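*Asks:* The listed protein sequences derive, respectively, from chains U and W.
For what it's worth, my numbering labels the leading residue of the first sequence as 1, then goes sequentially.
For what it's worth, my numbering labels the leading residue of the second sequence as 1001, then goes sequentially.
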Amino acid sequence: MSEIQLNPLKWTDKYADDMYRYAFFCLNGDADAACDLVQDTFLSALEKKETFKGIASEKTWLFAILKNKISDHYRKKKIRKETSLDDISEEGTSVHYFYNPQKNGRWHKDHEPKEWNSSEIRLLEKEKYSILHRCLELLPVKWKSILAETYLECKKGPEICKEHDISPSNYWVILHRCKVQLRECIEKKLK
Amino acid sequence: MKPREEYKYKWYLFGCKDAGYLHEKKQDKGLNFGEKLLYYFHMASCHLCRKYVKHLELIKKNILDYALDIKLDFNKKEKIQKTIQNNLK
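Here's what the structure looks like:
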């Protein structure tokens, strides 16, 4: 018997905004698809509410279903293949692309961070939606999900590692690769 | 037994890639004494990594601002609520 009781009538008030925000971020700003996935998540949760064991919180359980829905969405659309940690280095975002292994991993000449002037910073603030969405499109789903959990859900590293079954060093590597790529993409859009 | 740290640095081979990795570790778990020395010494001497960290701060601020603005439309919420109620019957 579950220690935590499900309360489906409160789901919309309690979790819909957080779930929508997460889905919106992972789907690169596709508002309709994000809304549909939130609704689908609640319906799936209702169908399998008997399977809720109460080990995790209601929110964690609903987010786990949402994450599966997001993966299914990408799988169906074949926008980007789901990335496992095994093939992470085979993604087009190897760190060697940004850093030069011949020079002790210093910045590669073509990828050195440039100064952002005040008008560029203002442009980023003004156009953050379109710039972020276009740059997030380049990231693998799993990385986006980890980034969303770090920034939007403010989850701690150990919790994210446990959910994704990765080691802390893999988590830091993913965040590093994610941010290096995101930063450069944003810089290109600003220049 | 405590697991061994997999990532060991040699000060003379420590570069921007290692600093970027340690930046993430610093944000999450914190650095040990040796790592702090390497990280802060590198940051003091590398203007590119200082720019990189500054840009990451700006990106984080923008993502957080973006997150505050995103909310599910009231009508859509109502629709979802009705769907849940219908499915509970």
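Virtual Cβ for every residue (Gly too), placed ideally from N, Cα, C.
None of these values were measured; they are calculated from a predicted model.
Of the choices A1067(W), I1063(W) and H1042(W), whose alpha-carbon is the least far from that of Y1012(W)?
*Replies:* Comparing Cα-Cα distances from Y1012(W) to each of A1067(W), I1063(W) and H1042(W), the minimum goes to H1042(W).
*Asks:* Given this structure, state the Cα-to-Cα distance separating F973(W) from Y97(U), to the nearest angstrom.
*Replies:* The structure shown does not extend to residue 973(W), since chain W is modelled only from 1001 through 1089, so no value can be given for it.
*Asks:* In angstroms, rounded to a whole number, what distance separates the CA positions of Q181(U) and N170(U)?
*Replies:* Their Cα atoms are separated by approximately 16 angstroms.
*Asks:* Rounded to whole angstroms, what is the Cα-Cα separation between L1068(W) and N1062(W)?
*Replies:* Computed Cα separation, rounded: 10 angstroms.
*Asks:* Can you grab the Cα-Cα spacing for the pair I186(U) / D36(U), in whole Å?
*Replies:* Cα to Cα, I186(U) sits roughly 29 angstroms from D36(U).
*Asks:* Rounded to the nearest angstrom, what separates H1055(W) and K1082(W) at their Cα positions?
*Replies:* Spanning the two alpha carbons is a distance of roughly 44 angstroms.
*Asks:* Check for me: the alpha helix (DSSP H) holding H96(U) runs from which residue to which?
*Replies:* First-last for H96(U): undefined, no H or E at that position.
*Asks:* Measuring only the C-alpha atoms, how far is K14(U) from K1079(W)?
*Replies:* C-alpha separation (whole angstroms): 15 angstroms.
*Asks:* Show which residues of chain U have a CB atom less than 8 angstroms away from the CB atom of N1062(W).
*Replies:* In chain order: L124, E125, K128 and L132.
*Asks:* Tell me, to the nearest whole angstrom, how far the beta carbon of L9(U) is from that of I1059(W); I am working on the premise that it is less than 8 angstroms.
*Replies:* 38 angstroms between Cβ atoms; not a contact.
*Asks:* For Y1066(W), is the classification buried or exposed, using 16 other Cβ atoms within 10 angstroms of its Cβ as the cut-off for buried?
*Replies:* Looking at its Cβ environment, which holds 16 or more other Cβ atoms inside 10 Å, Y1066(W) is buried.
*Asks:* Along the region 1018-1039 of chain W, where does the CB come closer than 7 angstroms to a CB of chain U? Name the residues.
*Replies:* Here the close residues are D1018, G1020, Y1021, E1024, K1025, D1028 and K1029.
*Asks:* Going by the beta-carbon positions, is the gap between K155(U) and C26(U) smaller than 7 angstroms?
*Replies:* Not closer than 7 angstroms, so no.
*Asks:* Determine the direct distance from the alpha carbon of P140(U) to that of Q5(U), and round the result to whole angstroms.
*Replies:* Each residue's Cα considered, the two are about 35 angstroms apart.
*Asks:* Does the Cβ-Cβ distance between Y1009(W) and L1038(W) come in under 7 angstroms?
*Replies:* Going by C-beta atoms, Y1009(W) is nearer than 7 angstroms to L1038(W).
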